[in-house]
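These protein sequence lines map, in sequence, to chains A and Y. First residue of the first sequence: 0, per numbering that gives the first Met the number 0; consecutive thereafter. First residue of the second sequence: 0, per numbering that gives the first Met the number 0; consecutive thereafter. Glycine residues also receive a C-beta, built at the ideal position from the N, C-alpha and C atoms. Okay, so here's the structure we're looking at.
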Amino acid sequence: MIQINEETAKERIARRIAAEFDSSENRFVLNLGVGIPTMVADYVKNSNVYIQAENGMLGVGPLAAEGRGDWQLINAGRQIVTQTQGCSFFDSSMSFGMIRGGHVDATVLGAFEVDEQANIANWIIPNGKQLGVGGAMDLVSGANRVIVAIQHLDRKGASKIKHKCVLPITGFHEADLIVTEYAVFCYENEQLVLKEYAPEVTLDDILRITEANYVISPAVKVMEVVV
Amino acid sequence: MKKAIQILTCEQAIKTMIAPHSRVMVGGFGLRGYPEALVEALVDSGIGELTIISNDLGSPGVGLGKLLTNNQLKGLVGNYYNWNPEVAYAYNEGKITVDLLPQGTFAEGIRAAGAGIPAFYTLAGVGTELAKGKETRKIGEREYVLEYSISGDVALIKAHKADELGNLVYYKTARNFNPLMAMACKHVIAQVDEIVPAGTLDPECIVTPHIFVDVLVLNGGKAK
């Protein structure tokens, strides 16, 4: 099976997720997590999409040019961003009221693992050097649609699409769409459904690199890729 | 009733309002919108056994991170310490307690305290390790977890401008938790970039009305 390098994998995942929002004719509120999810903003073409940052902003623009930004204007990943016309700022309670109250149409987040019951593990590796949860638990339970951006395999080549998550769970049965560099799964009727697979691989390859059980959609197709 | 607004130096404000074992709320998110000069003064005071209620703890040796390096902490209530791994080390070694909450629950807990609501139900965290031992209740089709309000003795907040009465306006994403914390503590010290005459801030744009603020300190420099 052809290996896809990390840089290409990340860009491919981000582009594929951005394509999910192309057709929205209504105002669409999108929250992006740290890592690959942040890259999604670079590929969103639809001007109906408004990006929300949970630290208190609706209408996040592109990252500021190096050394040119306003240091007090950041996204939730502490990156200095720009503001779009018509953007607004608000406190953290309103920000999470927006999220918890179901006013955010989709959230894209990264994960350590996701499993066949659409459980997401993305907040902690126990006894490690990081102790924090961020807004992930509020986002997976509050956003109307949860999209997981995840590389298919870990550094040792093991599947991150698990039979059952090993790490502490962020939210149960919350992943609606899982996008990797090799495949796109959705969660329907309490099972994972393979919708797309990458042009470099076969259905047998996907079976081999995926620990989770899944069914193949009757409409399964090859992923449209730019990279 | 509250005393008339006082304008003090950071050192005076910290000395008069904070004591060992105080529960201190500090505004800010990711080193933006935290009261840099007040935090420096708190570090310099050496006051210990503090419980700090804040989103994060700065970075190692930066901002609130200095309180940990300086052994002034008893406990933390907050949300995200990934930017300061020294928190995880201190917690794993049993040196400090950490009450970790989902960010929205943390924000709402503070809002609730300021608004006189003792507890609330939320979906965030249900069934996870962060909800262990907490009461749950099924409302309609879904199960929710009961979370309590979060109050403090003193809030150290950062605003952009104050007028002479203590009305506050904020700046971009430096607003974050500051307006919530201003309502959730017995005493509130606000560090501001500028103090303008009463009547010059647009009443439609005031975010924190002056009744929530006790002390103003003027930000000396643009510390980062």
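Any contact of the region 182 to 191 of chain Y with the region 33 to 40 of chain Y, i.e. 3+ C-beta pairs under 8 Å? Touching, per the Cβ criterion.
Are the region 106 to 125 of chain Y and the region 76 to 93 of chain A touching, with three or more C-beta to C-beta distances below 8 Å? They touch, by the three-pair rule.
Run through chain Y and tell me which residues come within less than 8 Å of G247 (chain A), C-beta to C-beta. Here chain A comprises residues numbered 0 to 226, so residue 247 (chain A) is not present and cannot be evaluated.
Going by alpha carbons, who is nearest to G170 (chain A) out of A:A17, A:V139 and A:E53? A:V139
Does any CB atom of chain A fall closer than 7 Å to the CB of F176 (chain Y)? yes
Alpha carbon to alpha carbon, how far is D162 (chain Y) from T83 (chain A)? 29 Å
Does chain Y have any CB closer than 7 Å to the CB of R11 (chain A)? no
So, is the C-beta of M136 (chain A) closer than 7 Å to a C-beta in chain Y? yes
Three-state class that DSSP yields for A105 (chain A) in the structure shown: Residue state for A105 (chain A) is assigned as strand, using DSSP reduced to three classes.
Buried or exposed, going by whether 16 or more other CB atoms sit within 10 Å of the CB of W122 (chain A)? buried
So, with DSSP's three-state summary, where would you put K2 (chain Y)? coil
Among the residues of its own chain, which have a CB less than 8 Å from the CB of G132 (chain Y), if the five just before and after it don't count? none
Could you confirm whether any beta carbon from chain A is found closer than 7 Å to the beta carbon of K1 (chain Y)? no
So, does the CB of V132 (chain A) fall closer than 7 Å to a CB anywhere in chain Y? Yes, its Cβ sits closer than 7 Å to a Cβ of chain Y.
A211 (chain A) versus A52 (chain A): straight-line alpha-carbon distance, rounded: 32 Å
Who are the Cβ neighbours of E203 (chain Y) in its own chain at under 7 Å, not counting the five residues just before and after it? none
Own chain partners of A222 (chain Y) with C-beta closer than 7 Å, once the 5 adjacent residues on each side are dropped: For A222 (chain Y), the predicted structure reports a pLDDT of 37, less than 50, and the residue's modelled location is therefore unreliable. A value from the coordinates is still provided. Within the same chain, A222 (chain Y) has close Cβ partners E35 and A36.
Determine the extent of the beta strand (DSSP E) in which G139 (chain Y) is found, giving its start and end residues. Counting along the chain, G139 (chain Y) falls outside any beta strand (DSSP E), and DSSP gives it neither H nor E.
Could you tell me whether the Cβ of S91 (chain A) comes closer than 7 Å to any Cβ of chain Y? yes
Three-state secondary structure (DSSP) of V129 (chain A): The sequence given here has Gln at residue 129 (chain A), not Val. Here Q129 (chain A) sits in coil by DSSP.
List the whole-angstrom C-beta distance separating L67 (chain Y) from L49 (chain Y), where the pair is believed to meet the contact cut-off of C-beta under 8 Å. So it is not a contact: roughly 10 Å between Cβ atoms.
Residues in the region 41 to 58 of chain A with C-beta within 9 Å of chain Y's C-beta atoms, listed in sequence order? If you check each beta-carbon in the region 41 to 58 of chain A against every beta-carbon of chain Y, the ones closer than 9 Å belong to A52, E53, N54, G55 and M56.
Across which residues does DSSP place N30 (chain A) in a beta bridge pair? A:Q51 and A:T106
Less than 6 Å between C-beta atoms, sequence neighbours within five positions excluded: which residues of the same chain meet that for A197 (chain A)? Y181 and M222
Against chain A, does G165 (chain Y) count as a neighbour if the rule is that its beta carbon must be under 7 Å from one of theirs? no
What does K171 (chain Y) reach in chain A if we use C-beta pairs closer than 9 Å? G55, M56, D69, Q71, L72, I73, Q82 and F88
For the region 87 to 100 of chain Y, enumerate the residues whose C-beta is nearer than 9 Å to any C-beta of chain A, in chain order. A87, Y88, Y90, N91, V97, L99 and L100
Minimum C-alpha distance to I12 (chain A) - residue among A:G109, A:A148, A:Q71 and A:N4: It is A:A148.
Return helix, strand or coil for K221 (chain Y), following the three-state DSSP convention. In this predicted model, K221 (chain Y) has a pLDDT of only 42, less than 50, meaning its place in the structure is not dependable; the value taken from the coordinates is given anyway. Correct three-state label for K221 (chain Y): coil.
Which one or two residues does DSSP pair with A182 (chain A) in a beta bridge? A:Y196
Would you please state the rounded distance, in angstroms, between the beta carbons of L130 (chain A) and Y143 (chain Y)? I believe it to be under 8 Å. Wrong, their Cβ atoms sit about 25 Å apart, outside the cutoff.
Chain A beta carbons: is any one of them nearer than 7 Å to that of L179 (chain Y)? yes
Taking 6 Å as the cut-off, is the CB of M24 (chain Y) close to at least one heavy atom of the ligand SAM? Questions concerning the ligand SAM fall outside what the structure shown contains, since it holds no ligand whatsoever.
In whole angstroms, what separates the C-alpha of M180 (chain Y) from that of F28 (chain Y)? 13 Å
Please classify A40 (chain Y) as buried or exposed, where buried requires at least 16 neighbouring CB atoms within 10 angstroms. buried
Going along chain Y, which residues have a C-beta under 9 Å from R144 (chain A)? By Cβ distance, chain Y contributes nothing, its closest Cβ being about 15 Å from R144 (chain A), past 9 Å.
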